[in-house]
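Residue numbers (my numbering), protein chains in the order written: chain Z, 96 to 404; chain B, 245 to 887.
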């Protein structure tokens with residue numbers, strides 16, 4: 096009994112740690128890498144934790160245009176991402192819960208968070224936030240097919256409609272006919288990852304001009320605790336979507352805790368890669384972004400076609 | 245059980261009495277339909293109609309369509325009593341109530357009849373009473389035009405359905421509809437199905453035959469739009485399901501074809517919804533989208549039936565029926581809401597509205613679940629039926645018609661993304677921000693009679709989203725009627741095979757609400773600034789309502805790719821440019837762009853016969869006489885002629 100209980104307990108602890116405590120570290124790593132690449136020392140890696148602690152104690156300011164819908168964005172995003180995080184396997188550790196059809200719930204939970212964020216942006220009545228909202232919904236309508244084609248390809252390859260078997264199927268790289276499609280899927284999902292997390296080359300979270308923002312401009316009017324929720328949600332989204340990219344690449348190790356460590360290492364590596372990409376590429380012009388996203392759709396569509404015929 | 249056949253008395257009496265009578269009638273029929281769905285024995289009445297046996301029967305399939313009909317009708321009658329009082333507007337109120345009752349009665353008859361002729365009679369009464377309902381405000385020319393286009397289209401569809409019913413009578417031996425045993429397809433079957441698909445596609449508003457729909461649904465009074473969108477369009481789906489259930493089987497290619505047609509309609513509908521300024525037209529286009537999604541489900545079910553795959557059959561038909569219910573709930577909620585908006589502001593143009601969430605807080609609160617449900621987001625009901633269809637499509641990818649389901653998968657995903665754009669725009673432009681004109685500045689919530697029906701529907705969208713586990717066996721019962729002999733052979737596929745997954749899904753949706761509640765609870769005690777400043781606009785402290793993003797600009801990223809959109813904007817060159825203007829116009833590219841010119845050419849040819857129409861009564865009597873003479877002559881000659 097105790098032998099079965101201990102790994103489960105460890106697994107739960109790992110999940111709680113990854114979901115609740117780890118996320119703010121990821122943007123910290125990305126920022127640090129970017130600073131090093133630029134020859135600066137940059138803010139501390141734990142900066143986002145300090146920010147969150149400070150925001151939790153600050154007064155929230157609400158514009159006089161806003162209504163209760165203004166809070167739906169932060170609350171809905173965090174709730175949706177927390178549920179989505181329960182569905183994603185963390186590397187090759189034992190899954191918490193998995194059932195046929197959970198990929199669909201996963202994708203639509205991301206959609207729910209986005210939709211509510213858009214509504215709370217429109218609630219301010221600001222021209223900039225409306226612009227950001229319009230961009231966000233338009234671009235994500237392109238990103239979603241890329242995500243789903245990847246799911247469809249993996250569903251056909253693994254015969255399952257659940258995230259855990261899809262991402263944990265062993266030896267995908269060694270089975271020759273699967274490694275090609277898998278590479279295409281990961282390329283497509285990589286683009287989705289950058290776009291959904293508003294990273295360069297799609298969006299720049301650190302830009303100072305509202306006109307050029309996508310995601311950041313939607314949350315301009317949030318402050319205090321609502322803003323803390325938004326920042327935490329954004330970092331959680333990095334982890335949840337990052338797991339999609341990291342999981343299929345991880346080797347299967349003999350021990351549960353080794354697999355957990357491998358996952359954490361993978362996430363750290365992903366953050367480093369994102370930092371390098373952000374330092375070495377420029378942002379696309381806004382009208383180039385749809386082309387970039389369509390490239391992602393095409394990559395996973397090709398993977399799907401390869402498995403279909 | 246007899247209660248289901250209780251015809252709704254067309255409410256002729258004054259005010260409250262007629263409302264009460266109509267609502268009670270709907271309630272009784274609703275309870276009867278629920279009883280039948282929950283496992284009651286199918287009951288029937290046999291009689292003779294036009295010298296043939298006829299039957300009225302309440303089985304699970306009939307009940308599955310009676311349920312949304314009487315839900316929406318009952319709430320619509322209550323809502324309509326306030327929305328369009330009988331004393332209002334030069335007597336239109338009376339005809340509106342009369343034809344509303346006739347429409348509901350005709351549809352009730354349509355869903356329970358098992359006789360081809362009676363079906364056509366009910367179909368015709370439904371079509372004509374809907375014409376009078378759409379035409380309620382017939383003093384306005386655009387309403388007259390919309391209702392006439394509708395009348396012509398529905399009759400063209402009836403032509404195909406009549407042909408199909410006659411062929412079906414040939415196949416079955418009489419007009420009585422009793423299912424043939426499953427087996428090999430007869431030679432007539434493909435024709436019966438093809439003609440039925442053509443006719444019913446007209447009613448359901450599927451792709452090239454949808455063009456009557458947006459104008460008709462936008463012009464009707466809002467509670468009528470609700471019942472037209474929520475139920476009457478589905479009579480097309482019902483017809484497809486009923487007629488195909490009578491035949492021994494369905495060819496595989498028709499299943500794939502229907503899936504493709506549904507996929508195209510869904511994308512086309514939602515893409516057009518994006519660009520509309522009239523919010524009722526937007527909702528009407530969204531109905532085309534949802535009927536496309538339902539049609540995909542029916543096509544999947546047909547594929548499953550043709551391949552003998554009970555799993556695919558159950559997912560396809562089950563998903564389609566589930567989406568029929570869900571769409572009926574959230575679309576009638578949205579149309580009721582649009583009526584409240586129209587009442588409060590007097591305009592259907594969303595570009596002049598804004599900021600209504602502060603002025604009509606209750607309406608905004610009950611409409612948000614409707615908006616989230618129509619975008620198929622969890623934890624609301626629209627998501628669950630799409631979840632079924634996704635599973636059906638993935639199942640079909642592996643063991644069915646892979647190409648059509650691959651296309652439909654893309655269409656369903658893309659539809660979800662575009663629906664998010666369309667409805668974020670709908671809710672955002674109308675309810676959020678600041679009022680864009682005087683029209684919305686002094687709006688207020690409607691009275692309780694209008695709010696309560698909306699509240700009930702909003703509660704249903706969430707309630708079904710969280711607690712719909714008991715619906716699985718009910719869906720199985722309906723599927724066993726639609727695909728006789730197949731789903732039954734292996735017990736209850738949905739309840740036993742999807743049950744566990746579905747339970748987890750509902751559990752997680754409950755968890756979603758719990759997390760949301762926790763986050764909200766954490767926000768509550770947060771200190772809040774006492775004074776409320778204006779919205780941050782880059783340091784500009786006096787933002788005006790005209791600086792807000794408009795609905796047109798919100799959808800601009802997508803609508804410019806829509807072939808029917810024409811924009812006129814002059815380029816700005818000088819250093820100090822003068823005032824400029826921007827025009828944008830949306831045209832339904834298939835309906836107004838392709839079909840209308842063609843129809844006009846046909847009409848021009850037919851106008852040659854216009855000479856025969858003189859308008860003198862004596863001339864018409866002459867025509868009758870000549871025709872009679874010709875018939876007699878032909879009868880006389882036929883007796884004499886050899887052969």
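Positions of the beta carbon are idealized from the N, C-alpha and C atoms, including for glycine.
**Request:** Could you say which of B/537, B/541, B/540 and B/515 lies nearest to residue 529 of chain B if we only look at CA atoms?
**Result:** B/515
**Request:** Let me know the secondary structure DSSP gives residue 378 of chain Z once reduced to three states.
**Result:** coil
**Request:** May I ask which residues mark the beginning and end of the alpha helix (DSSP H) holding residue 287 of chain B?
**Result:** It is not in any alpha helix (DSSP H) - residue 287 of chain B instead sits in the beta strand (DSSP E) that spans 287-293.
**Item:** residue 352 of chain B, enclosing beta strand (DSSP E) - first and last residue
**Value:** Careful: residue 352 of chain B lies outside any beta strand (DSSP E), inside the alpha helix (DSSP H) at 336-356.
**Reduced DSSP secondary structure (H/G/I, E/B, other) of residue 810 of chain B** = strand
**Item:** Assigned secondary structure, residue 830 of chain B (DSSP; H/G/I helix, E/B strand, else coil)
**Value:** strand
**Message:** According to DSSP, simplified to helix, strand and coil, what is residue 424 of chain B?
**Reply:** coil
**Request:** Would you give the residue range spanned by the alpha helix (DSSP H) that residue 613 of chain B belongs to?
**Result:** 605-618
**Message:** Under 7 angstroms, Cβ to Cβ, is there at least one residue of chain Z near residue 785 of chain B?
**Reply:** no
**Message:** So, at 7 angstroms on beta carbons, what are the nonlocal neighbours of residue 248 of chain Z in its own chain, with the 5 sequence-adjacent residues on each side left out?
**Reply:** 276, 280, 395, 398, 399 and 402
**Prompt:** For residue 775 of chain B, which three-state DSSP category applies?
**Reply:** coil
**Prompt:** Is the beta carbon of residue 314 of chain B less than 7 angstroms from the beta carbon of residue 273 of chain B?
**Reply:** yes
**Item:** Bridge-paired residues (DSSP) for residue 817 of chain B
**Value:** In the DSSP output, where bridge partners are listed per residue, residue 817 of chain B has none listed.
**Prompt:** So, does the CB of residue 263 of chain B fall closer than 7 angstroms to a CB anywhere in chain Z?
**Reply:** no
**Request:** Only counting runs of 4 or more residues, tell me where the alpha helix (DSSP H) segments fall wholly within the region 175-222 of chain Z, in order along the chain.
**Result:** 197-217
**Request:** Would you tell me roughly how many angstroms separate the C-alpha atoms of residue 469 of chain B and residue 197 of chain Z, rounded to the nearest one?
**Result:** 36 angstroms
**Request:** Using a Cβ cut-off of 8 angstroms, pull out every chain Z residue sitting near residue 232 of chain B, in sequence order please.
**Result:** Because chain B in this structure spans residues 245 to 887, residue 232 of chain B falls outside the shown range and cannot be described.
**Prompt:** What residue from B/673, B/760 and B/682 has the CA that sits closest to residue 797 of chain B's CA?
**Reply:** B/673
**Request:** Using a Cβ cut-off of 8 angstroms, pull out every chain Z residue sitting near residue 621 of chain B, in sequence order please.
**Result:** 203, 206, 207 and 210
**Request:** Check whether the Cβ of residue 546 of chain B lies closer than 7 angstroms to any Cβ atom in chain Z.
**Result:** no
**Message:** So, at 7 angstroms on beta carbons, what are the nonlocal neighbours of residue 648 of chain B in its own chain, with the 5 sequence-adjacent residues on each side left out?
**Reply:** 500, 503 and 504
**Item:** Neighbour flag for residue 665 of chain B against chain Z, beta carbons, 7 angstroms
**Value:** yes
**Request:** For chain B, find out if any of its Cβ atoms is closer than 7 angstroms to the Cβ of residue 213 of chain Z; answer yes or no.
**Result:** yes
**Request:** Assuming residue 280 of chain B and residue 307 of chain B form a contact by the criterion Cβ under 8 angstroms, report the distance between their Cβ atoms to the nearest whole angstrom.
**Result:** 4 angstroms
**Asked** In angstroms, rounded to a whole number, what distance separates the CA positions of residue 386 of chain Z and residue 739 of chain B?
**Response** 44 angstroms
**Message:** Less than 7 angstroms between CB atoms is the rule here; does residue 589 of chain B satisfy it with respect to chain Z?
**Reply:** no
**Item:** Residue-chain proximity (residue 156 of chain Z, chain B), Cβ-Cβ < 7 angstroms
**Value:** yes
**Message:** Using only CA atoms, which one of Z/110, Z/100 and Z/125 lies nearest to residue 370 of chain Z?
**Reply:** Z/125
**Request:** Please list the partners that residue 226 of chain Z has in chain B, where partner means a Cβ-to-Cβ separation under 7 angstroms.
**Result:** 793
**Message:** What does the alpha-carbon distance come out to for the pair residue 161 of chain Z and residue 800 of chain B?
**Reply:** 25 angstroms
**Asked** From Z/166, Z/172, Z/153 and Z/148, pick the residue whose C-alpha is nearest to that of residue 331 of chain Z; which is it?
**Response** Z/172
**Asked** According to the Cβ coordinates, are residue 341 of chain Z and residue 359 of chain Z closer than 7 angstroms?
**Response** no
**Message:** Using only CA atoms, which one of B/383, B/586, B/384 and B/493 lies nearest to residue 431 of chain B?
**Reply:** B/493
**Item:** residue 301 of chain B - partner residues in DSSP beta bridges
**Value:** B/288
**Asked** CB-CB under 6 angstroms to residue 722 of chain B, same chain, minus the five flanking residues each way: which ones, in chain order?
**Response** 304, 305, 308 and 565
**Asked** At a Cβ cut of 7 angstroms, what residues of the region 737-751 of chain B count as close to chain Z, listed as they run along the chain?
**Response** 744, 745, 748 and 749
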